[in-house]
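Asks: Residue numbers (this note's numbering): 21 to 501.
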Ligand SMILES: Cc1cc2nc3c(=O)[nH]c(=O)nc-3n(C[C@H](O)[C@H](O)[C@H](O)COP(=O)(O)O)c2cc1C
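1) Using 8 Å as the Cβ pair cut-off and three pairs as the minimum, do the segment 169 to 179 and the segment 117 to 124 touch?
2) Between which two residues does the beta strand (DSSP E) carrying residue 344 extend?
3) Could you check where the beta strand (DSSP E) with residue 302 kicks off and where it finishes?
4) Distance check for residue 250 and residue 201, CA to CA, integer angstroms please.
5) Can you give the Cα-Cα distance for residue 366 and residue 64, rounded to whole angstroms?
6) Classify residue 509 as buried or exposed, calling it buried when 16 or more other Cβ atoms lie within 10 Å of its own Cβ.
7) For residue 41, count neighbouring C-beta atoms within 10 Å of its own C-beta (all shown protein chains included) and say buried if the count is 16 or more, exposed if not.
8) Could you say if the segment 200 to 214 and the segment 260 to 278 meet the contact criterion of at least three C-beta pairs nearer than 8 Å?
9) For residue 403 and residue 467, what's the separation of their Cα atoms in angstroms?
10) Just the Cα atoms here: how many angstroms apart are residue 353 and residue 290?
11) Is residue 461 buried or exposed, if buried means 16 or more other CB atoms sit within 10 Å of its CB?
12) Would you check whether ligand 1 has a heavy atom nearer than 7 Å to the C-beta of residue 74?
13) Quick check: what's the CA-CA separation for residue 205 versus residue 350?
14) Report the residue ranges of all alpha helix (DSSP H) runs contained in full by the segment 251 to 275; include only those spanning at least 4 residues, in chain order.
15) In the DSSP output, which residue or residues are listed as bridge partners for residue 137?
16) Using a threshold of 7 Å, is the CB atom of residue 145 nearer than that to any non-hydrogen atom of ligand 1?
17) Sorry if obvious, but does the Cβ on residue 421 come closer than 7 Å to a heavy atom of ligand 1?
18) With residue 247 and residue 310 assumed to form a contact (beta carbons below 8 Å), what rounded beta-carbon distance in angstroms separates them?
19) What are the boundary residues of the beta strand (DSSP E) that residue 165 is part of?
20) State the DSSP-derived secondary structure class of residue 104, mapped to helix, strand or coil.
21) Going by the CB atoms, is the gap between residue 140 and residue 111 shorter than 8 Å?
22) What first and last residue would you give for the alpha helix (DSSP H) that runs through residue 377?
23) State the start and end residues of the unbroken beta strand (DSSP E) segment that holds residue 282.
24) Comparing the CB of residue 400 with every heavy atom of ligand 1, is any distance shorter than 7 Å?
25) Am I right that residue 235 and residue 283 are in contact with their C-beta atoms under 8 Å? What's the rounded C-beta distance?
26) Flag residue 193 as yes when its Cβ comes closer than 7 Å to any non-hydrogen atom of ligand 1, and as no otherwise.
27) Go through its chain and collect everything with a Cβ distance to residue 117's Cβ below 6 Å, but skip five positions before and after it.
28) Can you look up residue 59 in the DSSP assignment and give me helix, strand or coil?
29) Name the DSSP beta bridge partners of residue 74, please?
30) Out of 56, 39, 27 and 25, which has the shortest C-alpha to C-alpha gap to residue 422?
31) Mapping DSSP to helix, strand and coil, what is residue 184?
32) Please work out which residues of its chain come closer than 8 Å, Cβ to Cβ, to residue 484, disregarding the five sequence neighbours upstream and downstream, and give them in chain order.
33) Applying the criterion that 16 or more other CB atoms from any shown protein chain within 10 Å of the CB defines a buried residue, is residue 305 buried or exposed?
34) Count the other C-beta atoms from every protein chain shown that fall within 10 angstroms of the C-beta of residue 457, then say buried if there are 16 or more, exposed otherwise.
35) Do residue 449 and ligand 1 come close, with the Cβ less than 7 Å from some heavy atom?
36) What residue from 149, 101, 431 and 93 has the CA that sits closest to residue 128's CA?
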């Protein structure tokens, strides 16, 4: 596995990607005219997205216990604003209710936090303008979430799972006892209204759209694979997507005119665990492992986009045009979701070159884009490309494989990255995210998330020392095993 920094020129990049069996498109024509990144996109509803970069939602585990933002949260949103990207996909996952928080510091949207969350949007716009970007074409959404199986509303270490169904492997892994009740149909009906109320507040405080998050193993994503759940929300495709239909209808009543987007794990695969000898990720092969959404019914290690296509067709029918495509889950197959050279503390050593993970998402997204040209699609998992991100992104955009490039971890270490790429400013290599995964390891240790290796702000916090100590302890633990 070669670190990307070793691939010094186009020939080396192509030779290496060829040698690992992937075909990543490349277009290194800087200064192309017209600049493909600066071509705006118009939604049917009348929004103009001023360029082809999107900032993905990324939470920092740093809100107040009551769900309001802190100075860390405000700083992150300001960085999203100064990035120059014109589509802000949600800022971060914001819980629609306390019980659905992924951690006790996740933001919540309700009447007592709406001012704080409005302030995030305003701070982002101010930073965008202060950095010299125009206000035109800036589209800001809010990601609404219920963390389902991964809810931890009251304690950093204690899951309080809300499950759509009992999962023969994930229940074991995350200590869900067999007598934990599944969320009932009536509770799901009520939750529809909770989402709609949150959407109404989001509209009131100026957000252009809300994302009804269906990804990463959280509740609405889990519903999509609820093949064996009885009742109105399980079994058939129609039942498994009932929540989406109901919530869209409720939002259209509560917040008429508000745009709706969906972030979708376009495929999921089985969980991976570290091999006991090598620490390298190996797939969990168990009889009766429930079929992940977007995986083949015969082989849960292989992608089958038939149902995701039906899902996107449904989005199209529901007049949801904004789609953000991601994959897998950070909790049980992080190399699928956010390819990295260095695993997070609860992960495993990469079972494949992370470029394979990048390519897997780019190819699947291209297949979906080809089927639904009318949808505006954002792609994910580009950060691992590092120096090669601009050339691959340019090729993906110009060939129509995706409409907008979503940027996650890179913007934590290098907030100006999109702006530099769009304006042909030479990339500052010292700020490139090298995927050390501290932004994931820190929250796994109960600390706030951020770029500890490269962002001076986090480097100097007390939390940075704590993170080092906790990583040392974990390493000792591993060595003793
Ligand atoms: C620290 C951190 C927090 C994240 N939080 C969210 C989130 O709140 N909602 C979400 O949909 N994805 C979240 N993600 C996933 C990212 O949006 C993105 O899909 C992922 O990092 C892959 O993109 P990248 O390769 O550009 O980093 C998070 C990722 C990281 C690293």
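Every residue, glycine too, gets a C-beta built ideally from N, C-alpha and C.
Replies: With the structure as the only source:
1) yes
2) As a working mapping, residue 344 is identified with position 324 in the chain shown. Looking at the DSSP string, the run of the beta strand (DSSP E) that includes residue 344 is 342 to 346.
3) Here residue 302 is taken as the residue at index 282 of the chain shown, counted from 1. Run containing residue 302: 301 to 303, per the beta strand (DSSP E) assignment.
4) Stepping through the chain shown from its first residue, residue 201 is reached at position 181. Stepping through the chain shown from its first residue, residue 250 is reached at position 230. Approximately 13 Å, taken between the alpha carbons.
5) Within the chain shown, the letter at position 346 stands for residue 366. Within the chain shown, the letter at position 44 stands for residue 64. Approximately 42 Å between the Cα atoms of the pair.
6) This structure leaves residue 509 out entirely; the chain is present only between 21 and 501.
7) The residue given as residue 41 occupies position 21 in the chain shown. Classification of residue 41: exposed, given that the 10 Å Cβ count is below 16.
8) yes
9) Position 383 of the chain shown, counted from the start, is the residue given in the question as residue 403. Position 447 of the chain shown, counted from the start, is the residue given in the question as residue 467. About 23 Å.
10) Counting from 1 along the chain shown, the entry for residue 353 is found at position 333. Counting from 1 along the chain shown, the entry for residue 290 is found at position 270. Using only the alpha carbons, I get a separation of about 7 Å.
11) Residue 461 sits at position 441 when you count from the first residue of the chain shown. The residue in question, residue 461, is buried, as its Cβ has 16 or more Cβ neighbours within 10 Å.
12) The count along the chain shown starts at 1 and reaches residue 74 at position 54. Residue 74 Cβ: outside cutoff for every heavy atom of ligand 1.
13) By 1-based counting over the chain shown, the position of residue 205 is 185. By 1-based counting over the chain shown, the position of residue 350 is 330. Each residue's Cα considered, the two are about 27 Å apart.
14) 257 to 260 and 262 to 274
15) Counted from its first residue, the chain shown places residue 137 at position 117. Looking at the DSSP assignment, residue 137 forms no beta bridge with any residue, so it has no partner.
16) Position 125 of the chain shown, counting from 1, holds the residue named residue 145. The answer is no for residue 145.
17) Here residue 421 refers to the residue found at position 401 of the chain shown. Residue 421 Cβ: outside cutoff for every heavy atom of ligand 1.
18) As a first step, residue 247 must be located in the chain shown, where it is residue number 227. As a first step, residue 310 must be located in the chain shown, where it is residue number 290. That belief holds up - the Cβ atoms of residue 247 and residue 310 are roughly 7 Å apart, short of 8 Å.
19) One-based indexing of the chain shown puts residue 165 at position 145. From DSSP, the beta strand (DSSP E) with residue 165 extends over 159 to 165.
20) Counted from its first residue, the chain shown places residue 104 at position 84. Three-state DSSP puts residue 104 in coil, outside helix and strand.
21) Your numbering for residue 111 matches position 91 in the chain shown. Your numbering for residue 140 matches position 120 in the chain shown. Their beta carbons are under 8 Å apart, which means residue 111 touches residue 140 by this criterion.
22) Position 357 of the chain shown, counting from 1, holds the residue named residue 377. Taken as a continuous stretch (DSSP letters only), the alpha helix (DSSP H) holding residue 377 covers 374 to 391.
23) Mapped onto the chain shown, residue 282 falls at position 262. First-last of the beta strand (DSSP E) with residue 282: 279 to 285.
24) For the purposes of this step, residue 400 is identified with residue 380 of the chain shown, where counting begins at 1. Because some heavy atom of ligand 1 lies under 7 Å away, the Cβ of residue 400 counts as near it: yes.
25) Walking along the chain shown from the start, residue 235 turns up at place 215. Walking along the chain shown from the start, residue 283 turns up at place 263. The pair is a contact, with the Cβ atoms about 5 Å apart (cut-off 8 Å).
26) Taking the first residue of the chain shown as position 1, residue 193 is located at position 173. Outside the cutoff, so no.
27) If you number the chain shown from 1, residue 117 lands on position 97. For residue 117, where only same-chain residues beyond five positions count, the Cβ hits under 6 Å are 214.
28) Numbered from its first residue, the chain shown carries residue 59 at position 39. Correct three-state label for residue 59: coil.
29) Position 54 of the chain shown holds residue 74. Note: residue 74 sits in a beta bridge opposite 107 and 426.
30) To locate residue 422, count along the chain shown from 1; it is residue 402. The option with the nearest alpha carbon to residue 422 is 56.
31) For the purposes of this step, residue 184 is taken as residue 164 along the chain shown, with counting starting at 1. In this structure, residue 184 counts as coil in the three-state DSSP scheme.
32) If you number the chain shown from 1, residue 484 lands on position 464. For residue 484, where only same-chain residues beyond five positions count, the Cβ hits under 8 Å are 472 and 478.
33) Indexing the chain shown from 1 puts residue 305 at position 285. Looking at its Cβ environment, which holds fewer than 16 other Cβ atoms inside 10 Å, residue 305 is exposed.
34) Translated into the one-based positions of the chain shown, residue 457 becomes position 437. The residue is buried, with at least 16 neighbouring Cβ atoms inside 10 Å.
35) One-based indexing of the chain shown puts residue 449 at position 429. Checking the Cβ of residue 449 against ligand 1 gives no.
36) As a first step, residue 128 is located in the chain shown; it is residue number 108 there, counting from the start. Taking only the C-alpha atoms, the option nearest residue 128 is 93.
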